[in-house]
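In this note's numbering, the protein residues as written are 122 to 701.
Glycine included, each C-beta is placed from N, C-alpha and C at the ideal position.
Report on one structure; see the data block that follows.
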């Protein structure tokens with residue numbers, strides 16, 4: 122009885138320690154603002170999100186892509202935060218840290234129940250909790266999908282373990298529902314059924330021969346169907362974000378994928394020069410580097426397979442890592458990044474598991490092993506916690522984040538473009554132009570950099586150059602909503618009659634207002650100005666009044682006041698004009 126009580130107190134103490142570690146590293150984010158990279162899309166620039174939870178919001182979340190992804194539960198979680206806390210960034214950060222804390226504790230309990238190894242399970246959970254590669258997933262509000270899906274991933278593992286102890290329809294249904302929730306948080310969980318098969322091999326030892334393999338695969342069939350359905354929904358939602366083979370040939374994608382596997386391993390052991398965005402490396406097209414990477418991965422796979430009888434945790438941990446990364450490794454390229462820290466959130470658990478069990482077993486016969494392992498664990502955890510706390514501090518503001526990214530990478534047009542966007546909003550026009558020009562030098566087709574360059578020139582009163590860059594932005598990406606809206610504004614309000622084109626301004630602004638820009642007061646203001654330029658003053662007044670209502674509802678009193686002045690002009694049948 123006393124031993125049981127002591128063990129319970131020990132487990133409770135470990136949980137307290139894990140919670141303390143997470144909050145030591147990530148608690149600071151509760152005082153961080155939003156960053157200007159995806160956070161606006163997922164929160165304060167999305168009218169459906171800032172409206173909070175409602176039945177209409179639930180329907181919208183399940184029937185629309187959000188941020189180029191179909192992850193309705195993640196969308197609902199953002200709605201919940203906005204409904205309860207408004208657009209206070211600290212509360213949104215708090216939610217991320219809370220979910221990550223829950224996932225960490227759940228991982229510890231799952232591993233302990235799976236293996237019976239208390240301290241090894243605690244160590245793996247601690248590394249998962251505070252490794253520097255976790256920073257992006259936890260501190261970035263836009264990555265709510267990582268921590269939410271991670272939480273459901275752990276619950277699914279726990280439910281599966283519960284099911285294997287005494288299989289029943291009810292337990293299987295519970296597991297399936299949790300898995301579906303995980304997929305609706307982030308579709309990267311599509312490979313989870315494979316992870317369950319790996320756990321069947323070790324440590325559950327349910328997979329003993331070919332016949333049991335067939336039975337276990339059949340057992341997972343409903344889960345595979347859920348994965349397929351999620352994959353199809355993801356491909357539909359991300360059609361616009363998926364890069365074409367012209368942008369990045371299949372050979373380069375394959376090479377980059379092989380190199381990324383090794384990059385993530387290197388970062389696991391030596392997490393330096395981290396960045397929120399890594400551009401594609403030319404190494405993916407260098408044959409000898411690709412061949413070397415492929416040979417290294419093949420060698421590790423063969424070695425773990427050969428050791429499967431004596432050390433089954435090695436092949437399980439390795440295949441966990443390899444299989445969970447497949448959806449985001451870059452064969453199907455989504456976005457512009459070469460690789461991303463956030464993609465390691467769940468896959469690297471497999472590596473932590475394999476390495477921890479392997480080192481513990483290697484040293485198990487050494488008399489001083491307990492002391493050595495304890496000392497090593499303390500040093501590793503303390504070092505990673507310190508490094509992660511520093512890495513998390515770079516997210517304190519967007520300028521610091523992008524300056525670090527530029528310092529740690531080369532030819533990073535995305536970093537320069539986003540830093541320019543921030544500087545532009547701060548009124549630091551010359552600095553913004555410098556970074557925009559650098560982004561365009563690196564990537565002439567960077568549609569956002571071209572748009573921001575146009576905005577910078579517009580603020581300097583240079584409408585001619587502004588129009589050139591807005592047009593170049595749309596030539597690079599005709600779907601760039603900001604460029605459409607900005608170009609429409611100039612065409613509707615220019616003080617130079619030769620530059621005005623009311624009909625095209627209405628066409629551009631309408632395409633934004635009736636699409637993803639629906640409900641955005643700035644877009645509606647532009648549409649109202651375009652209507653006024655074509656002398657449709659009734660429509661201009663009605664549209665401006667709609668924009669005022671939205672602006673006031675979202676606390677944008679300055680924009681509402683500007684719109685009131687615009688309406689006063691429209692009532693006099695006067696279009697508005699920008700100052701020359």
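Next item on the list: Taking the CB atoms as reference points, tell me whether residue 664 and residue 680 lie closer together than 7 angstroms.
Entry: By one-based count along the chain shown, residue 664 stands at place 543. By one-based count along the chain shown, residue 680 stands at place 559. In this structure, residue 664 sits away from residue 680, with a CB-CB distance that is not shorter than 7 angstroms.
Item checked: Which of helix, strand or coil DSSP assigns to residue 252 -> Residue numbering aside, residue 252 sits at position 131 when the chain shown is read from its first letter. Coil.
Notebook entry, point to check: Is it buried or exposed for residue 367, if we count other Cβ within 10 angstroms and need 16 for buried?
Noted result: Position 246 of the chain shown, counting from 1, holds the residue named residue 367. With a pLDDT of only 43 at residue 367, under 50, the local geometry of the prediction cannot be trusted, and no value is derived from it.
Notebook entry, point to check: Considering only the beta carbon of each residue, do residue 308 and residue 277 sit closer than 7 angstroms?
Noted result: Looking up residue 308 in the chain shown gives position 187. Looking up residue 277 in the chain shown gives position 156. For residue 308 and residue 277, no; Cβs fall outside 7 angstroms.
Next item on the list: Could you tell me the boundaries of the alpha helix (DSSP H) in which residue 463 lies?
Entry: Residue 463 sits at position 342 when you count from the first residue of the chain shown. Note, residue 463: premise wrong, no alpha helix (DSSP H); not H, not E.
Check: How is residue 399 classed by DSSP in three states: helix, strand or coil?
Finding: Sequence index remark: in the chain shown, residue 399 carries index 278 (1-based). The answer is strand: DSSP assigns residue 399 an E or B state.
Next item on the list: Check residue 187 in the structure and name its three-state DSSP category.
Entry: As a working note, residue 187 is residue 66 in the chain shown. Under the three-state reduction of DSSP, residue 187 is assigned to strand.
Next item on the list: Report yes if the CB atom of residue 466 is closer than 7 angstroms to the CB atom of residue 267, and no otherwise.
Entry: The residue labelled residue 466 in the question sits at position 345 within the chain shown. The residue labelled residue 267 in the question sits at position 146 within the chain shown. Yes.
Next item on the list: Grab the span of the alpha helix (DSSP H) containing residue 539 for me, first residue to last.
Entry: By one-based count along the chain shown, residue 539 stands at place 418. For residue 539, the enclosing alpha helix (DSSP H) begins and ends at 534-546.
Next item on the list: Identify which residue in 126, 150, 166 and 143 has its Cα closest to the Cα of residue 676.
Entry: Within the chain shown, numbered from 1, the residue matching residue 676 stands at position 555. Nearest option by C-alpha distance: 166.
Next item on the list: In angstroms with no decimal places, state the Cα-to-Cα distance between residue 603 and residue 501.
Entry: The count along the chain shown starts at 1 and reaches residue 603 at position 482. The count along the chain shown starts at 1 and reaches residue 501 at position 380. Our two residues, residue 603 and residue 501, have alpha carbons roughly 46 angstroms apart in a direct line.
Check: Beta-carbon separation of residue 217 and residue 265 under 7 angstroms?
Finding: Taking the first residue of the chain shown as position 1, residue 217 is located at position 96. Taking the first residue of the chain shown as position 1, residue 265 is located at position 144. Between residue 217 and residue 265, the C-beta gap is smaller than 7 angstroms, which places the two residues in contact.
Note to self: Three Cβ pairs or more, each shorter than 8 angstroms: is that satisfied between the segment 306-320 and the segment 184-195?
What the structure shows: Pairwise C-beta distances place the segment 306-320 in contact with the segment 184-195, as three or more of them are shorter than 8 angstroms.
Next item on the list: Just the C-alpha distance for residue 462 and residue 303, rounded to the nearest angstrom, thanks.
Entry: For this step, residue 462 is matched to residue 341 along the chain shown. For this step, residue 303 is matched to residue 182 along the chain shown. The alpha-carbon atoms of residue 462 and residue 303 are separated by roughly 20 angstroms.
Check: Which residue comes first and which comes last in the alpha helix (DSSP H) that contains residue 352?
Finding: Position 231 of the chain shown holds residue 352. Where residue 352 is concerned, the enclosing alpha helix (DSSP H) stretches over 342-358.
Check: Quick one, are the C-beta atoms of residue 601 and residue 647 less than 7 angstroms apart?
Finding: Taking the chain shown and counting its residues from 1, the one referred to as residue 601 is at position 480. Taking the chain shown and counting its residues from 1, the one referred to as residue 647 is at position 526. Contact flag unset, no.
Note to self: Tell me the DSSP secondary structure of residue 367 in three-state form.
What the structure shows: Residue 367 sits at position 246 when you count from the first residue of the chain shown. The predicted position of residue 367 is uncertain, since its pLDDT is 43 and thus under 50; no value can be drawn from it.
Notebook entry, point to check: Got a sec? Which residues, its chain only, sit under 7 angstroms from residue 343 by beta carbon, not counting five neighbours each side?
Noted result: As a first step, residue 343 must be located in the chain shown, where it is residue number 222. Within the same chain, residue 343 has close Cβ partners 297.
Checklist line | Touching by the beta-carbon criterion (3+ pairs, under 8 angstroms), the segment 422-435 and the segment 389-398 | finding: No: fewer than three Cβ pairs fall under 8 angstroms.
Margin query: What does the Cβ neighbour count give for residue 430, buried or exposed, with the cut at 16 atoms within 10 Å?
Written below: For the purposes of this step, residue 430 is taken as the residue at position 309 of the chain shown. With fewer than 16 neighbouring CB atoms inside 10 Å of its own CB, residue 430 falls in the exposed class.
Notebook entry, point to check: In terms of alpha-carbon separation, which member of 153, 197 and 148 lies closest to residue 170?
Noted result: Taking the chain shown and counting its residues from 1, one reaches residue 170 at position 49. Taking only the C-alpha atoms, the option nearest residue 170 is 197.
Note to self: If the criterion is Cβ atoms closer than 7 angstroms, does the pair residue 560 and residue 570 meet it?
What the structure shows: Position 439 of the chain shown holds residue 560. Position 449 of the chain shown holds residue 570. Closer than 7 angstroms, so yes.
Notebook entry, point to check: Where do the N-terminal and C-terminal ends of the alpha helix (DSSP H) with residue 575 fall, by residue?
Noted result: Reading the chain shown from its first residue, position 454 is the one you call residue 575. Note, residue 575: alpha helix (DSSP H), 568-580.
Next item on the list: Give a yes or no on whether the C-beta atoms belonging to residue 258 and residue 214 are separated by under 7 angstroms.
Entry: Translated into the one-based positions of the chain shown, residue 258 becomes position 137. Translated into the one-based positions of the chain shown, residue 214 becomes position 93. Cβ distance not < 7 angstroms, so residue 258 and residue 214 don't count as in contact.
Next item on the list: Would you be able to state if there are at least three C-beta pairs under 8 angstroms between the segment 395-402 and the segment 522-539?
Entry: Contact check between the segment 522-539 and the segment 395-402: three or more CB pairs, one atom from each, fall below 8 angstroms, which counts as touching.
Notebook entry, point to check: Expressed to the nearest angstrom, what Euclidean distance is found between the alpha-carbon atoms of residue 331 and residue 322?
Noted result: Working through the chain shown from its first residue, we reach residue 331 at position 210. Working through the chain shown from its first residue, we reach residue 322 at position 201. About 12 angstroms.
Notebook entry, point to check: By a C-beta neighbour count over all protein chains shown, 10 Å radius and 16 as the cutoff for buried, is residue 184 buried or exposed?
Noted result: Taking the first residue of the chain shown as 1, we reach residue 184 at position 63. It counts as exposed.
Notebook entry, point to check: By how many angstroms is the C-alpha of residue 244 removed from the C-alpha of residue 493?
Noted result: As a first step, residue 493 must be located in the chain shown, where it is residue number 372. As a first step, residue 244 must be located in the chain shown, where it is residue number 123. The alpha-carbon atoms of residue 493 and residue 244 are separated by roughly 14 angstroms.
Check: To the nearest angstrom, how far is it from the Cα of residue 508 to the Cα of residue 252?
Finding: The sequence position of residue 508 within the chain shown is 387, counting from 1. The sequence position of residue 252 within the chain shown is 131, counting from 1. Taking the straight line from one Cα to the other gives about 8 angstroms.
Check: What runs of the beta strand (DSSP E), each 3 residues or longer, lie entirely inside the segment 420-458?
Finding: Listed in chain order, nothing qualifies, since the segment 420-458 has no complete beta strand (DSSP E) run of 3 or more residues.
Next item on the list: Run the CB neighbour count on residue 495, radius 10 Å, all protein chains shown included, and call it buried at 16 or more, exposed below.
Entry: Along the chain shown, read from residue 1 onward, the residue named residue 495 stands at position 374. Around the C-beta of residue 495, fewer than 16 other C-beta atoms lie within 10 Å, and the residue is accordingly described as exposed.
Notebook entry, point to check: What residue from 414, 407, 408 and 514 has the CA that sits closest to residue 383's CA?
Noted result: As a first step, residue 383 must be located in the chain shown, where it is residue number 262. Out of 414, 407, 408 and 514, 414 has the C-alpha closest to the C-alpha of residue 383.
Checklist line | residue 365 classed as buried or exposed, judged by whether at least 16 other C-beta atoms fall within 10 angstroms | finding: By one-based count along the chain shown, residue 365 stands at place 244. Low per-residue confidence applies at residue 365: pLDDT is 42, beneath 50, and the placement is therefore not dependable, though the value from the model is reported in the following sentence. Classification of residue 365: exposed, given that the 10 Å Cβ count is below 16.
Next item on the list: Could you work out which residue in 658, 643 and 656 is closest to residue 669 when comparing CA atoms only?
Entry: Locating residue 669 in the chain shown gives position 548, where the first residue counts as 1. Its Cα nearest to that of residue 669, the residue 643 stands out among 658, 643 and 656.
Checklist line | For residue 697 and residue 650, believed in contact at Cβ under 8 angstroms, the rounded distance | finding: Here residue 650 corresponds to residue number 529 of the chain shown, with the count starting at 1. Here residue 697 corresponds to residue number 576 of the chain shown, with the count starting at 1. Going by Cβ atoms, the distance from residue 650 to residue 697 rounds to 6 angstroms, so yes, they are a contact pair.
Next item on the list: Can you check the segment 590-615 for any alpha helix (DSSP H) of at least 4 residues that lies completely inside it and give the ranges in chain order?
Entry: Runs found: 602-614.
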